[in-house]
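Heads up: the sequence shown runs through residues -7 to 387, numbered per my numbering.
A virtual CB, placed ideally from N, CA and C, is assigned to each residue, including glycine.
Worksheet for the structure shown next.
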Amino acid sequence: MKEAQMTIPHLFRCPISLDLFSDPVTLSTGQTYDRSSIEKWFAFGNLTCPVTMQKLHDPSLVPNHNLRHLIEQWRQMGHHFHPEYSTTIDPSLYLKRNLESPHSTLQDKLQMLEKIRVLMDETPFKTPFLLQIGFLPLLSQLLFGKLDPQFSGKYADFEEKLLSCILKLIPFGEFQCLNMLKEESKLESFLVLFENGSGMMKQNLCRLVGAISSSPETRELCAMIGRNHRFLQGIDHLIQQNFETSEAGIEAISALCCLESNRESLVREGLINGLITYILNTETKERSSSGTAMTTLEELVGSERSGKEALIKDPRGVKAVVKMVFRVSDHGGSESALNSLIMVCYESLEAREKAIGAGVLTQLLLLLQSQCSCRIKSKARTLLKLLRSKWDEEQ
């Protein structure tokens, strides 16, 4: 029996019982245990992770289907690894132990992260193994744990590498570990990183928000971020002041719009003005996210009466939308611009006057003569009829 146990790979042993996993489940800390063993641990009144001794704010158990599948493959191969497995698991465990170790220096951890990055870039098929042994929760904990107050030099480089690795792992893994950001201290770390980090850090945190917004597992977290004043003001500054990083900010705002409550917050925090500024600033740029910005603006105008009012009130608002009506390379932005103008012009004389003054009639005629879709041409005609009928009523 002992000889049989010795042949069990370390990865396949429960840290509590030291036996082969029969029903592996993962905690929010990223550590995996056999279900029966961890449930007994909880039954004795323990509210910590046995390996890391971290207090568990979320004691839920997530089935580790990847590890279970790997064990089944190992059994089918007669308790022997395929060469690819053995060359992947052992180095990965070594890297993980070094990142977890309190004795590892910052320089050591930087080297470990670089090795992880190379592993994922050069051999992407190995990425699932990193998830199976809990890399995503570990990296998230390291990133959003206690921050160095100086936040500079090698430490800033460490944080950027952590976030880069997290973004590479997220498409393959569970989003649930990101719910650690619902803890006040961890959300504070997120905000400090966003406010004080480099341009690359800001862009990657925006991409992280996009990932959070895409998953039902992190819906509550998406709502928390979407109503956070500091984050929304930071995004507004980002899209208005720095074109190099503003596209990621536009994508984050667009992602947050998936929730109605977030749309209310975005309007309240003045993001409509930020979107207008971005659209006008990118008018002459060939590559930009102006189409996404226009689609997002349409969502905000359509979901909130205060959104329509904010668009009309901004002296540049209607003008910016009119400029998006005829875009040779972006018919999607044209359609959103038409929808937005139809919504505001139907109810507001001021909006109609501003649209006509900004040259909307010329833009509509150019659009009707272009190669755009029949649907867009139909909406252009609808707007023309609306402007004409309202003008007739006012005479």
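Distance check for residue j and residue i, CA to CA, integer angstroms please.
i    : j    : result
G294 : M216 : 22 Å
E256 : N220 : 12 Å
V110 : I348 : 56 Å
C6   : V43  : 11 Å
E175 : F136 : 10 Å
M45  : K32  : 16 Å
F150 : F13  : 34 Å
L98  : G145 : 11 Å
R380 : V352 : 12 Å
R297 : L378 : 20 Å
A302 : L263 : 10 Å
R367 : E114 : 45 Å
L39  : P51  : 8 Å
F182 : L173 : 8 Å
P94  : T119 : 25 Å
E252 : Q65  : 45 Å
L333 : S20  : 47 Å
S177 : C41  : 19 Å
T374 : L292 : 21 Å
P116 : Q68  : 24 Å
L62  : I0   : 13 Å
E236 : E106 : 25 Å
P163 : F36  : 36 Å
Y338 : V184 : 43 Å
F34  : S28  : 10 Å
Are the C-beta atoms of residue i and some chain C residue less than 8 Å apart?
i    : result
L134 : Considering every chain present, this structure includes no chain C. It has just one protein chain.
In terms of alpha-carbon separation, which member of the options lies closest to residue i?
i    : options                   : result
M112 : S84, G137 and P94         : S84
K346 : K311, L378 and H61        : K311
L139 : L161, K118, P120 and G189 : G189
V201 : A35, S253, Q23 and F167   : F167
E290 : E327, P163, R319 and K377 : E327
L258 : C364, D228 and G22        : D228
R319 : P116, C364 and E64        : C364
N56  : Q124, E64 and Q68         : Q124
When you compare the CB positions of residue i and residue j, do they come within less than 8 Å of one another, or not?
i    : j    : result
L130 : E180 : no
C198 : G165 : no
T288 : C249 : yes
L3   : I30  : no
G218 : N254 : yes
A343 : L360 : no
S340 : I304 : yes
T24  : L48  : no
K369 : M335 : no
L161 : K194 : no
Take residue i and list the residues in its own chain whose beta-carbon comes closer than 6 Å to its own, dropping the five residues that flank it on each side.
i    : result
A329 : M286, V313, M316 and V317
L224 : E261
L134 : L154
S246 : T284 and T288
L356 : A372 and L376
S207 : F167
Q232 : G266 and T269
G22  : G126, P129 and L130
Take residue i and list the residues in its own chain whose beta-carbon comes closer than 7 Å to its own, dropping the five residues that flank it on each side.
i    : result
L170 : S132, I204, T210 and L213
S281 : E239, I242 and E243
S78  : Interpretation of S78 is limited by its pLDDT of 48, a score under 50 that renders its predicted location unreliable; the figure taken from the coordinates is listed afterwards. For S78, where only same-chain residues beyond five positions count, there are no Cβ hits under 7 Å.
N196 : L155, S156 and L159
M192 : E152
I268 : D306, R308, G309 and A312
L272 : R308 and A312
Would you kindly report the start and end of the unbroken beta strand (DSSP E) that includes residue i?
i   : result
D26 : T24 to D26
V17 : P16 to T18
Grab me the residues of residue i's own chain with a C-beta within less than 8 Å of its C-beta, minus the 5 sequence neighbours each way, in chain order.
i    : result
I108 : L87, L122, F127 and C157
N90  : S96, D100, K101 and M104
E391 : The structure shown does not extend to residue 391, since the chain spans only -7 to 387, so no value can be given for it.
D26  : C6, I8, S9, D11, F13, S14, D15, P16 and V17
A350 : V310, K311, V314 and K315
N331 : E290, G294 and K371
L358 : F318
On the DSSP letters alone, give me the boundaries of the alpha helix (DSSP H) that residue i sits inside.
i    : result
V317 : Here V317 belongs to no alpha helix (DSSP H), and DSSP marks it neither H nor E.
P129 : F127 to F136
Q233 : H221 to Q233
K160 : G145 to L161
L10  : Run containing L10: none; DSSP gives neither H nor E here.
M172 : No alpha helix (DSSP H) holds M172; DSSP gives it neither H nor E.
G390 : It is not possible to answer for residue 390, since the shown part of the chain is limited to -7 through 387.
F121 : T119 to Q124
Just to check, is the beta-carbon of residue i closer than 7 Å to a non-hydrogen atom of the ligand FAD?
i    : result
E261 : The ligand FAD is absent from the structure shown, which contains no ligand whatsoever.
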